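Peer 1: Got a structure for you, written out below as structure tokens; questions coming shortly.
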Ligand code: G6P
Ligand code: MG
């Protein structure tokens, strides 16, 4: 294993609740609808604009807004979201992550962020994790979001590795699909049925260890 390609939201820290709160506020204020709770997981791994498209679809208002208005609403949601993530600290890092990053650093295995979030640099900074990563792929610079392979291909490239030499870690179905499409080895965190396409699935981030990632990598090589 020459590198580890990390999703951020739901892997390094739990931001889904902040995304959901920000979208709920926007949906209420601008579209007059209350988002059902299942939207929290339905928007995992989905880009900002695609999330808004799904919400507008739910509110049945898709044809009523201009592209400029849609962009304005996405910006407004991001304002609410940034207010929440500005308060993140080291205490918000998910269990097991600091130990995993230390194990990978001790083995000189580079780590890269492959997140759809344009807020990844700010989140990493507030978690105090920026220096643990060799690179952060800019999602604005890849042609297609997850489930397309682009962001994981770019992440491997950022460390001079081929995707086949890397393990990708994800909590979203679209992310597992993207890792597989890139030709990297997928490790899923969450529900084994939902993430069945991953090489190995663990229940929580506390179960992520170097040994698990290496096991997934070796299993795929067979
Ligand atoms: C991640 C999250 C999504 C979010 C996307 C874009 O994939 O799981 O819920 O919509 O990033 O995040 P951003 O911070 O750029 O709005
Ligand atoms: Mg995620």
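In the numbering used here, the protein residues as written are 83 to 304. The beta carbon of each residue, even a glycine, is placed where N, CA and C say it ideally should be. The structure displayed is predicted, hence computed values, not measured ones.
With DSSP as the reference, label residue 113 as helix, strand or coil.
Peer 2: In this structure, residue 113 counts as helix in the three-state DSSP scheme.
Peer 1: Give me the Cα-Cα distance between residue 132 and residue 249, rounded to the nearest whole angstrom.
Peer 2: Their backbone Cα atoms lie some 26 Å apart in a straight line.
Peer 1: Identify whether residue 58 lies in helix, strand or coil by the three-state DSSP scheme.
Peer 2: With the chain covering only 83 through 304, there is no way to say anything about residue 58.
Peer 1: Using the Cα positions of residue 233 and residue 203, report the straight-line distance between them to the nearest angstrom.
Peer 2: Distance between the alpha carbons of residue 233 and residue 203 is about 15 Å.
Peer 1: May I ask you to report which of helix, strand or coil DSSP gives residue 95?
Peer 2: If DSSP states are grouped into helix, strand and coil, residue 95 belongs with the strands.
Peer 1: Just how far apart, CA to CA, sit residue 201 and residue 190?
Peer 2: Distance between the alpha carbons of residue 201 and residue 190: 26 Å.
Peer 1: DSSP on residue 88, reduced to helix/strand/coil?
Peer 2: If DSSP states are grouped into helix, strand and coil, residue 88 belongs with the strands.
Peer 1: My output table needs one value for residue 283: the three-state DSSP class, helix, strand or coil.
Peer 2: Here residue 283 sits in strand by DSSP.
Peer 1: If you follow the alpha helix (DSSP H) that residue 260 is part of, which residue opens it and which one closes it?
Peer 2: That run of the alpha helix (DSSP H) goes 255 to 264.
Peer 1: Would you kindly work out how many angstroms separate the C-alpha atoms of residue 289 and residue 151, rounded to a whole number?
Peer 2: Residue 289 and residue 151: Cα-Cα distance of roughly 43 Å.
Peer 1: Would you list the one or two residues that DSSP bridges to residue 195?
Peer 2: Residue 195 is bridged to 88, 218.
Peer 1: Could you tell me the distance, in whole angstroms, from the CA atom of residue 271 to the CA atom of residue 292?
Peer 2: Distance between the alpha carbons of residue 271 and residue 292 is about 14 Å.
Peer 1: Between 162, 134, 104, which has its C-alpha nearest residue 149's C-alpha?
Peer 2: Checked all of 162, 134, 104; the closest Cα to residue 149 is 134.
Peer 1: Pick from 185, 162, 287: whose alpha carbon is nearest that of residue 177?
Peer 2: That would be 287, whose Cα lies nearest to the Cα of residue 177.
Peer 1: Can you grab the Cα-Cα spacing for the pair residue 218 / residue 139, in whole Å?
Peer 2: One C-alpha to the other measures close to 31 Å.
Peer 1: Note down, in chain order, each residue of its chain lying with its Cβ closer than 6 Å to the Cβ of residue 156, except the 5 sequence neighbours on either side.
Peer 2: Closer than 6 Å at the Cβ level, and outside the excluded window around residue 156, lie 130, 131, 134.
Peer 1: Tell me the residue span of the alpha helix (DSSP H) that contains residue 268.
Peer 2: Per DSSP, residue 268 belongs to no alpha helix (DSSP H); it is in the beta strand (DSSP E), 267 to 271.
Peer 1: Out of 216, 257, 237, which one is the CA nearest neighbour of residue 223?
Peer 2: Comparing Cα-Cα distances from residue 223 to each of 216, 257, 237, the minimum goes to 237.
Peer 1: What residue from 119, 110, 111 has the CA that sits closest to residue 99's CA?
Peer 2: Comparing Cα positions, the closest option is 119.
Peer 1: Could you pull out every residue in the same chain whose Cβ sits closer than 7 Å to the Cβ of residue 244, ignoring the five residues on either side in sequence?
Peer 2: Cβ within range, chain order: 238.
Peer 1: Could you round the C-beta distance between residue 229 and residue 256 to whole angstroms and report it? I think they count as a contact, below 8 Å.
Peer 2: Going by Cβ atoms, the distance from residue 229 to residue 256 rounds to 4 Å, so yes, they are a contact pair.
Peer 1: Measuring from each Cβ to the nearest heavy atom of the ligand MG, keep the ones under 7 Å and list them in chain order.
Peer 2: So the residues near the ligand MG by this Cβ test are 89, 90, 91, 92, 93, 126, 127, 252, 253, 254, 257.
Peer 1: To the nearest angstrom, report how far apart residue 247 and residue 199 are at their CA atoms.
Peer 2: Near 24 Å, if we compare the C-alpha coordinates of residue 199 and residue 247.
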